[in-house]
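Protein chains in written order, with my numbering: chain A, 113 to 433; chain B, 123 to 442.
First the structure, in the form of structure tokens, and then the observations on it.
And the structure:
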């Protein structure tokens with residue numbers, strides 16, 4: 113029986129000691145949660161977490177980043193509900209599933225907890241069905257327009273460009289493609305083709321090569337993310353197309369940054385996710401403290417070019433980009 | 123004397139673990155002890171617990187099912203697809219997908235029993251196969267039901283009180299049915315006998331092969347039903363959800379006093395195991411600890427609760 117008691121005591125002690133020392137919370141300390149659909153095991157979200165923690169330190173509040181190990185919306189919703197029960201002063205979440213989030217966010221708002229959305233929101237046709245107060249993230253469509261505008265000075269009137277989409281049907285990628293297409297066709301009367309290059313690098317190179325053979329007047333290739341950019345960069349290198357075909361991409365990746373330094377790629381759109389974590393906490397804090405209403409914030413205004421590539425590469429290493 | 127009888131229960135380990143978890147989280151965050159939090163915990167526990175009840179029943183009969191997570195996702199996705207893409211009557215679709223879930227369980231059982239390979243292997247293969255099928259169905263995309271479907275509300279969307287979802291009610295009923303079957307019926311005795319000493323059971327006329335097959339089917343149905351409950355609650359199902367479910371269900375069963383080798387176990391224990399795990403999940407977020415600690419905590423609880431159970435078993439036998 114003594115052993116049994118000992119075991120129970122050890123169990124209790126271990127659990128209490130494992131209590132992260134956060135047991136002594138100041139009762140009046142403000143607490144904010146940022147809840148993502150994936151955790152800091154993913155380099156992208158590690159940067160968001162950094163933003164959340166830095167904002168918490170700067171404002172002197174408790175800013176907590178939570179996210180399931182892998183893409184898991186039910187688990188994310190459970191975390192959100194737990195944050196509601198913990199009477200958080202504000203919660204930011206990704207709208208990772210338009211159907212699953214409507215109910216929990218409505219409930220949280222009804223219980224008086226401010227909620228804002230970060231990183232991704234519901235598709236256009238469902239706009240307004242989820243009552244979050246503001247959206248902090250990249251506007252995919254505006255980002256597409258900006259990417260196209262970056263290239264406009266280098267394109268002739270009526271130039272032909274191709275948008276290589278590596279995941280056909282992906283709402284975000286399609287919105288990027290739409291933005292690009294609008295600017296190129298309206299502003300220089302160019303021809304835009306959308307090409308499904310799949311996620312398979314070998315296939316992608318084959319598809320792009322045959323497109324370029326059939327359309328030798330192609331002036332530029334837009335890739336919509338590293339999965340499309342990496343094979344495209346390889347093709348441009350292998351086939352000696354540097355300077356003949358221009359390229360612009362989305363999102364940061366070491367290969368893409370290298371290609372920008374090498375002059376193969378003109379630049380890449382950066383959604384600056386550090387801001388999605390940092391600004392979420394700032395806006396929620398300002399609302400909790402001064403009732404300043406949260407406002408939409410477009411973080412997708414970053415564009416990395418040859419001039420900034422080196423600086424960005426070092427910031428990526430430090431975990432800010 | 124009474125205390126000794128009480129300590130003899132297999133659920134003691136998990137009950138102690140649950141109390142410790144509650145005391146720790148409550149001392150760190152007083153809101154942990156509220157109706158709202160309890161409702162969230164029970165709602166999370168209901169889906170895991172439904173799977174854990176089926177898995178425990180199968181484990182007591184001496185077999186294992188690792189394919190429950192894939193079955194969970196596939197069944198939920200099929201239900202969503204039948205309702206949205208094929209506009210089937212939701213009730214018909216519900217019956218059909220549960221039959222599919224039963225079929226997956228039956229296939230596990232038939233392959234395991236006729237090819238005489240360990241169920242660990244059969245269901246490991248099934249886990250990968252059905253996950254692949256689920257991914258193929260929508261090419262990896264989640265599927266959502268935006269229309270207001272009464273069946274889905276009844277399965278998990280509706281709330282009975284505060285944050286308590288109706289799925290928890292179904293889970294408690296299912297648990298009660300399985301508990302009665304196991305403890306109070308001849309079939310329950312057969313299940314224990316089949317998982318315990320199979321040769322002796324067979325000599326006594328227990329249809330052990332049939333018992334195992336039936337339990338495989340039940341584990342499959344419970345996994346599929348849990349998928350439907352989650353679809354009801356969330357309105358969406360993704361082919362990648364429920365990947366940790368098999369191990370979580372086994373952990374809940376083991377914490378609750380079920381043996382990996384069969385012959386002994388408890389449905390109530392598995393249910394308390396599921397509640398313990400859900401409490402850890404919710405509690406960690408409430409105190410603001412990184413969610414990664416969930417796995418570490420569960421790992422600790424599994425070993426501690428089982429160690430406690432073994433220790434108690436020894437204490438009881440010394441005093442006899």
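All residues carry an ideal CB built from backbone N, CA and C; glycine is no exception.
Assigned secondary structure, residue 268(B) (DSSP; H/G/I helix, E/B strand, else coil): coil
Minimum C-alpha distance to residue 470(B) - residue among 195(A), 338(A) and 205(A): Residue 470(B) lies beyond the range of chain B shown here (123 to 442); nothing can be said about it.
Any chain B beta carbon closer than 9 Å to residue 183(A): yes
For residue 286(B), three-class secondary structure by DSSP: strand
Simplified DSSP assignment, three categories, for residue 351(A): coil
Within chain B, partners of residue 186(A) - CB distance below 7 Å: 352, 356 and 363
Neighbour flag for residue 403(B) against chain A, beta carbons, 9 Å: yes
Beta-carbon neighbours of residue 153(B), restricted to chain A and to distances below 8 Å: 197, 198 and 199
Residue 289(B) at chain A interface by Cβ criterion, 9 Å: no
Cβ-Cβ separation, residue 315(B) to residue 321(B) (assumed contact under 8 Å), whole Å: With 8 Å as the limit, residue 321(B) and residue 315(B) do not qualify as a contact, their Cβ atoms being about 10 Å apart.
Nearest-angstrom Cα separation, counted from residue 353(B) out to residue 198(B): 6 Å
Closest residue to residue 332(A) among 175(A), 265(A) and 176(A) (Cα-Cα distance): 265(A)
Residue 173(A) - DSSP class collapsed to helix/strand/coil: coil
Cross-chain neighbours of residue 266(B) in chain A, by beta carbon under 8 Å: 209, 210, 211 and 212
Where residue 324(A) falls: helix, strand or coil (DSSP): helix
Within chain A, partners of residue 203(B) - CB distance below 8 Å: What residue 203(B) touches in chain A: nothing, since even the nearest Cβ is about 14 Å away.
Residue 392(B) and residue 374(B) closer than 9 Å at C-beta: yes
C-alpha gap between residue 433(A) and residue 364(A), whole angstroms: 8 Å
Residue 62(A) at chain B interface by Cβ criterion, 9 Å: Residue 62(A) falls outside the range modelled here, since chain A spans only 113 to 433, and no answer is possible.
Local conformation of residue 361(A) per DSSP, three classes: strand
Residues sharing a beta bridge with residue 81(A), DSSP: An answer regarding residue 81(A) cannot be provided, because it is not within the stretch 113 to 433 covered by chain A.
Near-chain A residues of the stretch 162-182 of chain B (beta-carbon distance less than 7 Å), N- to C-terminal order: 162 and 166
Proximity below 9 Å, CB of residue 410(A) to CB of residue 254(A): yes
Residue closest to residue 205(A), alpha-carbon to alpha-carbon, out of 166(A), 193(A), 360(A) and 291(A): 193(A)
N-terminal and C-terminal residue of the beta strand (DSSP E) that residue 382(A) is part of: 379-382
Minimum Cβ-Cβ distance from residue 378(B) to chain A less than 9 Å: no
Nearest-angstrom Cα separation, counted from residue 156(A) out to residue 183(B): 45 Å
Neighbour-count burial assignment, residue 395(A), 16 or more Cβ in a 10 Å radius: buried
Cβ of residue 388(B) within 9 Å of any chain A Cβ: no
Residues, ordered as in the chain, of the stretch 169-180 of chain A that lie near chain B by beta-carbon distance below 7 Å: 174, 176, 178, 179 and 180
Residue burial classification, residue 288(A) (beta-carbon count within 10 angstroms, cutoff 16): buried
Assigned exposure category for residue 125(A) - 16 Cβ within 10 Å defines buried: Summary for residue 125(A): the model assigns pLDDT 49, below 50, so the residue's position carries little reliability, and this model does not support an answer.
Beta-carbon proximity list for residue 196(B), same chain, < 7 Å, skipping 5 on both sides: 252, 255 and 256
CA nearest to the CA of residue 306(A), picked from 243(A), 291(A), 313(A) and 312(A): 291(A)
Outcome for residue 342(A) when other beta-carbon atoms lying within 10 angstroms are tallied against a minimum of 16: buried
Rounded C-alpha distance that separates residue 426(A) from residue 170(A): 23 Å
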